[in-house]
Amino acid sequence: MKKLANNIKYWAKSSALILGLSIAASCDGFLDEDVISPIGNDYLNTPKGMNDGINAAYSTMRAWYGTERGNNLTIFGTDIFTNGADGSWKFMNFYTNQFDSQNGHVRELWDEFYRGINTCNAVIDRSVNLTGISQELIDQRVAEAKFIRAHHYFILVQLFGGVDLQLEETAIPTKVVTRASVAQIYAAIINDLEEAIPNLEATNRSSDYGRATRPAAEHLLGRVYLTKGTSEAAESTDFSNAESNLQNVVSDYGFELLPDFGDVHAFGNEINNEVIWSTQYTRDPLTNGGGNNAHVFFLMEYDVQPGMIRDTENGRPFKRYKSTDYTLNTIFADRVNDSRYKNTYVDHFLSNNPGTFNTTFDKSKASVTFAQGDTTIWLPGYNMSEAERAKYPYQVLTPELYTERLFPPMKKHKDPGRVDRTQFEGGRDYIAMRLADSYLLLAEAQFRQGKTGLATENINVVRRRAAFPGKEAEMEISESELTFEFITEERARELIGEQTRWLDLKRWGILVERVKMYNPQGAAGIQEFHNLRPIPQNQIDRAEGNASAFPQNPGY
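Following this line, the structure appears as structure tokens:
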């Protein structure tokens with residue numbers, strides 16, 4: 001299926017920098033662009049230039065979804081994941097002073113998102129001069145630009161608080177920037193999405209797959225209102241506004257929860273009836289940029305174990321994120337009725353390197369012998385005696401044997417379609433919005449308004465789908481069982497590893513509390529100021545007046 005054009009060079013602007021010129025690159029997407037370089041300043045005033053401009057803006061979504069920076073900023077330093085053995089970026093989980101204003105992740109995200117924002121500004125501002133294109137299509141492309149701009153500002157305001165609010169094209173160099181208030185940022189986000197929704201298409205056509213749609217904008221707006229309702233900019237109508245937008249998503253567009261939770265993230269099934277919107281990647285190395293890298297981070301060190309070598313099927317194991325004991329023992333305590341533990345974690349490995357080997361971690365037997373395809377490692381998820389483990393002709397990895405190298409690996413993002421076993425640049429689309437999340441956000445908005453019955457009903461929709469066949473009734477909860485704590489845990493069960501947790505904990509106001517309770521590696525370092533990320537130092541340095549005009553967040 002054709003997808004949105006990718007890896008187009010962007011209109012170069014980070015908040016106080018220079019506007020550059022776009023370069024469109026050929027790709028296998030639904031729009032095949034010719035390489036055009038250099039491009040005059042009037043190119044964006046043409047129909048083709050407008051289309052290339054909006055595609056360039058979409059490509060900046062790749063600064064966040066599926067990337068190392070997007071994952072580190074949302075997975076590390078939470079209650080449900082801690083660090084594995086990977087030496088890179090551990091300080092983001094430890095909350096040490098290494099996580100400062102020189103952090104490459106915040107700098108790269110800041111610069112890329114502001115490039116995307118200024119591209120959107122240019123598309124919007126110049127749309128009034130376009131000829132040779134229908135007004136309907138102009139309105140749609142402008143609406144897409146407002147969706148992207150709103151998305152970027154929403155991520156930025158959650159991470160950094162008030163940031164530079166630019167709603168017009170920056171066409172000449174300027175160093176005059178200020179930090180708008182959180183309320184001003186939210187007002188701009190909401191205005192963009194409310195203006196965009198009427199002009200976006202209700203469905204994502206196969207020929208245009210990857211463009212913003214009306215339900216994607218309503219899902220985003222619902223989350224914006226829900227988040228704003230817990231922020232310093234909160235208003236009394238925020239939760240009801242969140243509810244109405246999210247109710248539209250679940251009721252009006254024909255989305256369906258897949259019958260089997262395991263199919264939602266199944267390889268090759270990235271386009272399915274549950275997906276509301278996703279960020280597009282490709283298998284073409286010329287157009288895939290840095291690729292979707294999520295496949296490497298959640299895996300254990302299987303590749304040096306007896307009977308195993310690294311392959312594309314099992315993945316390139318960075319060993320970066322290890323599920324906390326709280327995740328394994330509390331979040332996924334129910335493994336009889338709830339299929340999500342089974343469908344989230346790898347529980348066995350099959351030999352791809354036959355032979356006889358000395359055992360490594362399971363010393364209940366001295367050696368093991370495998371033929372091709374034999375089970376080499378089993379992760380039962382519970383402890384057993386050494387004598388019990390000795391009964392099996394393979395190594396048994398039980399919780400008491402877990403280490404930063406050996407632990408249950410998560411399989412949601414595995415990418416066996418990579419060209420070889422070392423490839424970092426994955427090609428799977430990253431599912432950014434899906435219907436189960438809409439149901440859970442809707443339930444939370446209703447719960448916060450005291451609509452416990454409706455909230456329980458929507459939670460149960462998600463839980464029934466997550467049940468093993470025949471266990472649907474056992475998965476349902478009653479109104480009396482629906483608590484705020486239950487909502488936080490249900491979101492973890494459903495959305496683990498999907499770049500939501502840090503943002504959830506922050507908006508709930510429990511980030512510090514939960515890290516101290518459940519993430520021993522992060523507990524000692526985390527402080528209240530860590531509810532915001534550091535403003536990148538290069539942004540402060542390039543502002544006229546430096547820190548006096550564009551101050552750093554407290555604590556950094």
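Residues in the sequence shown are numbered consecutively from 1, following UniProt numbering.
Glycine is no exception: its CB is placed at the ideal position from the N, C-alpha and C atoms.
Computed from a predicted structure; not experimentally measured.
Give me the residue from the options with the minimum Cα distance to residue i.
i	options	result
Gln-521	Thr-230, Gly-470, Pro-259 and Asp-325	Asp-325
Leu-514	Leu-401, Gly-104, Asp-541 and Thr-82	For clarity, residue 514 is Arg in the given sequence; the question names Leu instead. Arg-514 has its Cα closest to that of Thr-82, out of Leu-401, Gly-104, Asp-541 and Thr-82.
Leu-401	Gln-280, Ser-231 and Asp-362	Asp-362
Arg-421	Gly-87, Glu-479, Pro-317 and Lys-322	Pro-317
Leu-200	Gly-87, Ile-487, Pro-215 and Phe-349	Pro-215
Arg-542	Ser-88, Val-177 and Asp-42	Val-177
Asp-284	His-265, Asp-429 and Asn-248	Asp-429
Arg-320	Asn-273, Ser-88, Phe-357 and Thr-78	Ser-88
Arg-141	Asp-52, Asn-519 and Gly-77	Asp-52
Asn-343	Lys-90, Val-264, Asn-519 and Tyr-394	Val-264
Tyr-114	Val-157, Glu-195, Ala-547 and Ser-478	Val-157
Glu-535	Phe-486, Tyr-43, Gln-98 and Val-106	For the record, residue 535 in the displayed sequence is Ile; it is not Glu. Of the candidates Phe-486, Tyr-43, Gln-98 and Val-106, the one whose C-alpha sits nearest the C-alpha of Ile-535 is Val-106.
Asn-531	Phe-99, Gly-497, Leu-137 and Val-123	Phe-99
Asn-519	Ser-236, Ser-323, Met-308 and Ala-266	Ser-323
Asp-42	Tyr-65, Phe-76, Val-123 and Trp-110	Val-123
Met-308	Thr-282, Asn-358 and Asn-269	Asn-358
Leaving out five residues before and five after residue i in sequence, what residues of the same chain have Cβ atoms less than 6 Å from its Cβ?
i	result
Val-461	Tyr-439
Ala-233	Val-182, Ala-183 and Tyr-186
Phe-529	Pro-554 and Gly-555
Gly-262	Asn-343
Thr-230	Arg-507
Val-296	Arg-316 and Phe-318
Asp-34	Any reading at Asp-34 is ruled out, since the residue's pLDDT is 33, under 50, leaving its predicted position unreliable.
Lys-90	Asn-83
Ile-487	Glu-444
His-219	Val-249, Ile-276, Met-433 and Ser-438
Contact defined as beta carbons within less than 8 Å: I believe residue i pairs with residue j. What is the distance between those atoms, to the nearest angstrom?
i	j	result
Leu-454	Gln-446	5 Å
Arg-448	Phe-239	5 Å
Met-433	Trp-277	4 Å
Arg-507	Thr-227	5 Å
Arg-533	Phe-160	6 Å
Leu-221	Asn-204	Actually they do not touch by this definition, with Cβ atoms about 17 Å apart.
Arg-463	Glu-481	Not really, about 11 Å apart at Cβ, beyond 8 Å.
Ala-180	Asp-192	Ala-180 to Asp-192, Cβ: 14 Å. No contact.
Ile-189	Ala-217	Not a contact, Cβ separation roughly 11 Å.
Gly-116	His-152	5 Å
Gln-539	Phe-550	7 Å
Ala-366	Asn-71	With 8 Å as the limit, Ala-366 and Asn-71 do not qualify as a contact, their Cβ atoms being about 39 Å apart.
Thr-78	Leu-505	6 Å
Ala-242	Tyr-253	17 Å between Cβ atoms; not a contact.
Using C-beta distances below 8 Å, list every residue in its chain close to residue i, excluding the 5 sequence neighbours before and after it, in chain order.
i	result
Gln-372	Ser-351, Asn-352 and Pro-354
Glu-489	Thr-330 and Ile-331
Ala-387	Ser-364
Asn-337	Ala-467, Phe-468, Lys-471, Glu-474 and Met-475
Met-384	Val-396 and Thr-398
Determine whether the beta carbon atoms of residue i and residue j lie at a separation below 7 Å.
i	j	result
Asn-292	Gly-426	yes
Glu-223	Leu-441	First, the residue type needs correcting, since residue 223 is Arg and not Glu in the sequence shown. Yes, Cβ-Cβ distance for Arg-223 and Leu-441 is below 7 Å.
Arg-340	Arg-493	yes
residue 568	Gln-305	Since the first residue of the chain shown is 1 and the last is 556, residue 568 is not available in this structure.
Ala-202	Glu-404	no
Asn-121	Glu-169	yes
Ala-473	Asn-458	no
His-348	Thr-369	no
Thr-74	Gln-499	yes
Lys-175	Glu-544	yes
Arg-69	Glu-112	no
Ile-80	Thr-327	yes
Thr-452	Glu-485	no
Beta-carbon within less than 7 Å of residue i's beta-carbon, same chain only, minus the 5 sequence neighbours each way: which residues are those?
i	result
Met-1	Only weak support exists for where Met-1 lies, its pLDDT of 39 falling under 50; the coordinates are left without a value.
Val-275	Ile-431 and Arg-434
Tyr-345	Pro-408, Pro-409, Met-410 and Lys-411
Val-250	Leu-435, Ser-438, Tyr-439 and Leu-442
Asn-273	Phe-255, Glu-256 and Leu-258
Ala-547	Ile-540
Asn-45	Arg-126, Asn-129 and Leu-130
Ile-510	none
Open item on the list: If contact is defined by three or more beta carbon pairs under 8 Å, each pair taking one atom from either stretch, is the segment 401-421 in contact with the segment 310-318?
Closed with: Touching, yes, given that three or more Cβ pairs across the two stretches are closer than 8 Å.
Task: Cβ pair count under 8 Å reaching 3, the segment 135-150 against the segment 51-61 - done: Verdict: yes, contact present.
Open item on the list: Does the contact criterion of 3 or more C-beta pairs under 8 Å hold for the segment 297-306 versus the segment 463-483?
Closed with: As far as the Cβ criterion goes, the segment 297-306 does not touch the segment 463-483, which means the pair count is below three.
Open item on the list: Quick check: the segment 524-536 against the segment 88-104, are at least 3 beta-carbon pairs closer than 8 Å?
Closed with: The segment 88-104 makes contact with the segment 524-536: 3 or more CB pairs, one atom from each, lie closer than 8 Å.
- [ ] Evaluate the contact criterion for the segment 245-262 versus the segment 372-382: three or more CB pairs, one atom per stretch, below 8 Å.
- [x] No, the segment 245-262 does not touch the segment 372-382.
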